[in-house]
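What follows is a set of notes on a single structure, which appears directly below.
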Amino acid sequence: MIVITTDHAAHDPDRFTNPGDTRPYWETPARADALLGAVRAAGLATKPCADHGLAPIQRLHDAGYLAFLQTAFSRFQALANTGPILRAPAYAVRHKARRPDAVMGQAGWYLSSVSAPIVAATWSAALGSAHAAIDAADDVISGQRYAYALCRPPGHHAHTDMAGGFCYLNNAAIAAQRMLDRGSGRVAILDFDVHHGNGTQQIFYQRDDVHYVSIHGDPAGLYPWFAGYADETGEGPGLGCNLNLPLPADTGDDGFTAAVEQGLDAIAARRPSALIVSAGFDAQLGDPAANLAVTAAGFATVGRQIAALGLPTVLIQEGGYLVERLAANLTAFLTGLELI
Numbered sequence: 023m024i025v026i027t028t029d030h031a032a033h034d035p036d037r038f039t040n041p042g043d044t045r046p047y048w049e050t051p052a053r054a055d056a057l058l059g060a061v062r063a064a065g066l067a068t069k070p071c072a073d074h075g076l077a078p079i080q081r082l083h084d085a086g087y088l089a090f091l092q093t094a095f096s097r098f099q100a101l102a103n104t105g106p107i108l109r110a111p112a113y114a115v116r117h118k119a120r121r122p123d124a125v126m127g128q129a130g131w132y133l134s135s136v137s138a139p140i141v142a143a144t145w146s147a148a149l150g151s152a153h154a155a156i157d158a159a160d161d162v163i164s165g166q167r168y169a170y171a172l173c174r175p176p177g178h179h180a181h182t183d184m185a186g187g188f189c190y191l192n193n194a195a196i197a198a199q200r201m202l203d204r205g206s207g208r209v210a211i212l213d214f215d216v217h218h219g220n221g222t223q224q225i226f227y228q229r230d231d232v233h234y235v236s237i238h239g240d241p242a243g244l245y246p247w248f249a250g251y252a253d254e255t256g257e258g259p260g261l262g263c264n265l266n267l268p269l270p271a272d273t274g275d276d277g278f279t280a281a282v283e284q285g286l287d288a289i290a291a292r293r294p295s296a297l298i299v300s301a302g303f304d305a306q307l308g309d310p311a312a313n314l315a316v317t318a319a320g321f322a323t324v325g326r327q328i329a330a331l332g333l334p335t336v337l338i339q340e341g342g343y344l345v346e347r348l349a350a351n352l353t354a355f356l357t358g359l360e361l362i
């Protein structure tokens, strides 16, 4: 089953960027439109996400952070001389000491960079995206082999209390917690988005009930810069439950799929009950946000590799910003999974 959200389109920060602002905002509604077009062209059944309330999201995300996401735009609009987009005037990324009360201060506390601004529709879009992930998790718990949540905005850069990298709520982590809460037993997350899922890593870094494996471009030269290195293997009970496989720039299909196979072997060795896949197509050759060189053939191979693992699988859409290639990449991936 393909779960979609209908609340994402108005979340379009690029519409409100100043003409002189050269920073691109690649996470646009056209991405979801292209992916949905591929799903419909393949004749796959879709359903709109249900409203699951806040409880499943509160299992992972900080209460103050959720309150900020819900209220920040209206609080911002109550100030004098504001515009249609909230960006932080300063960022408390390092050495945070005090959470401020003012909305502009909280913007710097909870938003990690200009890549996660807030507009009027941001909260509803992020909430719908999380609900799609919850639906997909429920479908797999109910016995489906695969369920795909066509999430927008993506989620794997969202920490428990911080947005970043176009992400506000961590859809894959919320799906994993939903499955655990419903008695799935240990689960694994395979993340093949070209950018390391620093938020997912942070959420589960000290836990042993979720095994996180990420294949991504080397963060020494790519967002998120501060996480995703091979020596990050977990802490405390989670030691050994975090595997990062960073790849050098220009890695193509063979190197990428070899890393996916290594990651899946590590997952298989832990014998999880289910798999969650953070599926990003920004490893695509020429993607404006990345530096790898994967093609549709490579994504088809990844689909076959995941299928061979034989686990009930929740697919969560993450990145991919070369819009004209998204439909072909998703089609190739789903073909590899034998869903098409």
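Under our numbering, the sequence shown is numbered contiguously, ending at residue 362.
Beta carbons: idealized from backbone N, C-alpha and C, even for Gly.
Source: prediction; values computed, not measured.
Query, Result
"Write down every uninterrupted run of the alpha helix (DSSP H) in the segment 143 to 208 whose length is 4 residues or greater and which is fully enclosed by it, in chain order.", "144 to 163, 193 to 203"
"Who are the Cβ neighbours of phenylalanine 355 in its own chain at under 6 Å, not counting the five residues just before and after it?", "Phe321, Gly325"
"Glycine 65: buried (16+ other C-beta within 10 angstroms of its C-beta) or exposed?", "exposed"
"Is it the case that the CB of phenylalanine 188 approaches a heavy atom of the ligand COA more closely than 7 Å?", "Although the ligand COA was asked about, the structure shown includes no ligands whatsoever."
"Assuming alanine 282 and phenylalanine 226 form a contact by the criterion Cβ under 8 Å, report the distance between their Cβ atoms to the nearest whole angstrom.", "What sits at residue 282 in the sequence shown is valine, not alanine. Not really, about 20 Å apart at Cβ, beyond 8 Å."
"Using only alpha-carbon positions, find the residue among Asn103, Gly358, Ala119 that is nearest to isoleucine 328.", "Gly358"
"Label tryptophan 145 either buried or exposed according to how many other C-beta atoms from any shown protein chain fall within 10 Å of its C-beta, with 16 as the threshold for buried.", "buried"
"Mark tyrosine 168 as exposed unless 16 or more other C-beta atoms lie within 10 angstroms of its C-beta, in which case mark it buried.", "buried"
"Cβ of arginine 53 within 8 Å of Cβ of leucine 314?", "no"
"When the Cα atoms are used, what is the spatial distance from threonine 279 to valine 209?", "22 Å"
"According to DSSP, which residues form a beta bridge with lysine 118?", "According to DSSP, which records beta bridges pairwise, lysine 118 is partnered with nothing at all."
"Would you check if the distance between the CB atom of glycine 256 and the CB atom of asparagine 264 is smaller than 8 Å?", "yes"
"Which first and last residues belong to the beta strand (DSSP E) in which threonine 335 is found?", "335 to 339"
"Using 8 Å as the threshold, is the segment 296 to 303 in touch with the segment 27 to 39, meaning 3 or more CB pairs across them?", "no"
"What does DSSP give as the partner residues of glycine 274 in its beta bridges?", "Ala315"
"I'd like to confirm the pairing. Which residues does DSSP put opposite glutamine 306 in its beta bridges?", "Val316"
"Would you call the CB atoms of leucine 57 and leucine 172 closer than 8 Å?", "yes"
"Give the DSSP-derived three-state secondary structure of proline 268 in the structure shown.", "strand"
"Kindly provide the ranges of any beta strand (DSSP E) runs that are 3 or more residues long and lie completely inside the segment 31 to 86, ordered along the chain.", "68 to 70"
"Do histidine 178 and glycine 221 count as a contact pair if the criterion is CB distance below 8 Å?", "yes"
"Quick one: give me the first and last residue of the beta strand (DSSP E) that alanine 242 is part of.", "Segment: none, alanine 242 is in no beta strand (DSSP E) and carries neither H nor E."
"Quick check on this structure: which residue in Gln99, Ala100, Val136 has the alpha carbon closest to the alpha carbon of alanine 114?", "Val136"
"Rounded to a whole number of angstroms, what is the C-alpha to C-alpha distance between glycine 243 and aspartate 34?", "27 Å"
"Figure out for me which residue from Ala112, Glu346, Val162 has the closest Cα to the Cα of methionine 126.", "Ala112"
"Give a yes or no on whether the minimum CB-CB distance between alanine 114 and chain B is below 8 Å.", "Among the chains of the structure shown, chain B does not appear; only one protein chain is present."
"So threonine 27 and arginine 174 are supposed to be a Cβ contact under 8 Å. How far apart are they, rounded?", "7 Å"
"Look at the alpha carbon of arginine 158 and the alpha carbon of isoleucine 24, and state the distance between them as a whole number of angstroms.", "Inspection of the sequence shows that residue 158 is occupied by alanine rather than by arginine. C-alpha separation (whole angstroms): 8 Å."
"Based on the DSSP secondary-structure assignment, which residues constitute the bridge partners of valine 25?", "Lys69, Ala171"
"Would you mind stating whether alanine 94 and isoleucine 140 have Cβ atoms separated by less than 8 Å?", "yes"
"Less than 8 Å between the beta carbons of alanine 288 and valine 216, yes or no?", "no"
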